[in-house]
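Chemist: Using the working numbering, the first residue of the sequence shown is number 1183, and each one after it goes up by one.
The beta-carbon is built from N, C-alpha and C at its ideal position, and this holds for glycine as well.
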Amino acid sequence: MTVRRTLTSLMTGIAIALAGAPTPSSAQDVADLERLSGLTTVDVRAEAQWDELITVEAGGATQGQFLQALQASFRDAIAEADAAPSVLDGAPVTVTCHVDTFYDTGLIVYSLRVQTEAAGADGQDVITWIKSSVGSYTVQQLHLMFRLGEQCADSFLEDWRAAN
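1) Can you tell me whether residue 1267 is buried or exposed? The criterion is at least 16 other CB atoms within 10 Å of its CB, across all chains shown.
2) In angstroms, rounded to a whole number, what distance separates the CA positions of residue 1225 and residue 1271?
3) Could you check if residue 1333 is buried or exposed, using at least 16 other CB atoms within 10 Å of its CB as the buried criterion?
4) Residue 1248 and residue 1230 look like a contact to me (Cβ under 8 Å); what is the Cβ gap, rounded to whole Å?
5) According to the Cβ coordinates, are residue 1313 and residue 1337 closer than 8 Å?
6) Looking at the structure shown, is residue 1251 part of a helix, part of a strand, or coil, going by DSSP?
7) Between which two residues does the beta strand (DSSP E) carrying residue 1332 extend?
8) Which one of 1296, 1339, 1342 and 1288 has the shortest CA to CA distance from residue 1318?
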């Protein structure tokens, strides 16, 4: 458990440091809000890397249950927002909410990444905009993990509204 606790501390420190690090600018700056300008229709998708210790040790949901709740809450939050792009299956631009989780005794650390993707010249998906954050919950707050889809949607919509 000492190795796991050390790894947790290291991962948390790195995630926090990266979240606060200045973003280098380049011609391909995917954090640029202008990349969301004019976006009127999107498809939505959720992805998760679920630490099974959350299920085993904390008595939490399974990865499948979490992913299902993440997808539903993410989609609903965008679809039901007053000012938002329309949600349409198969739209040329997809907004993806990705959550990574890590469990240590009594604590769940997570990272959120919300991004837009569109087909590039070669037909492969290309990330066109991205925003990320990190956080943690105590095991007693495990139910709040199911609000991360809404948090992803809020992050996307905040920048989308600023650009539109």
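Modeler: So, from the listed chains and residues:
1) buried
2) 5 Å
3) buried
4) 6 Å
5) yes
6) helix
7) Looking at the DSSP string, residue 1332 is not in any beta strand (DSSP E); the run it does join, the alpha helix (DSSP H), is 1330-1345.
8) 1288
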